[in-house]
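Taking the working numbering, the leading residue of the sequence shown gets 137, the next gets one more, and so forth. Just so it is clear, CB atoms sit at the ideal spot from N, CA and C, and this is done for glycine as well. Note sheet for the following structure.
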Amino acid sequence: MPRAVTLIRSASLSNVAEYAYAATAPAESRLIFLAGACPLNEDGSTAAIGDFAGQAAKAVENLRTALADSGAALHDVISTRVLVASHRQEDLVTAWEVVRDAFGDHDVPSTLMGVTVLGYDDQLVEIEAIAAALDS
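Set out below in C-alpha cells:
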C-alpha cells in the first residue's frame, strides 16, 4: 500500500532534534485525527502506575490499535504531541524515548510537553496523533 506521509528534514535547522521538522500528505489522502492515546488497560484501569516508560509503551500500544481500527498504522502518522504529567525533564525524556523508538525511522514531527495533570487517575502519559492514509 502506498504511503501518504512525506517527512521533511531541514538542512537549515539543527540536526539535534530526533524527528523531522515537517510532514506533508497529498490532497487525496484521508486524514485521521486521533484522540489522545492513554495508558489504559481494556478494563479501564491505568497501566504501569508510576512508570513513565511503561505508560508510554501502553499509550503507543493503544495508539496502534486506534490506528488499525482506522485503517492505518504508525507509518501513516503525520504528527504527534506527547504529553507527560511532570515538571522534570528526565521524565519527559523517558516517555519520549519509548515513543521515538516505537516510530523508528518514521520520525514524525512531534511536540513533547510537560503538563500539570492528565485526565485519568494515576495517568502520566498521553499521545495525540494525526495520520494520513491513502485508500486503495
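| Item | Value |
| --- | --- |
| Helix, strand or coil at residue 253 [DSSP, three-state] | coil |
| Residue 218, DSSP secondary structure in three states | strand |
| For residue 169: DSSP bridge partner residues | 266 |
| Proximity below 8 Å, CB of residue 265 to CB of residue 213 | yes |
| Residue 260: first and last residue of the uninterrupted alpha helix (DSSP H) it sits in | Premise fails: residue 260 is in no alpha helix (DSSP H) and is neither H nor E. |
| Residues of its chain near residue 251, where Cβ-Cβ distance is below 6 Å and the 5 sequence neighbours each way are ignored | 219, 221 |
| Residue 202: first and last residue of the uninterrupted alpha helix (DSSP H) it sits in | 188-205 |
| Sub-8 Å separation of residue 234 and residue 215 beta-carbons | no |
| N-terminal and C-terminal residue of the alpha helix (DSSP H) that residue 230 is part of | 225-239 |
| Alpha carbon of residue 254 to alpha carbon of residue 165, nearest angstrom | 32 Å |
| First and last residue of the uninterrupted beta strand (DSSP E) at residue 144 | 142-144 |
| Which residues DSSP lists as bridging residue 158, in chain order | 144 |
| At least 3 beta-carbon pairs within less than 8 Å: the region 168-179 vs the region 145-153 | no |
| Distance between residue 179 and residue 139 (C-alpha atoms, nearest Å) | 34 Å |
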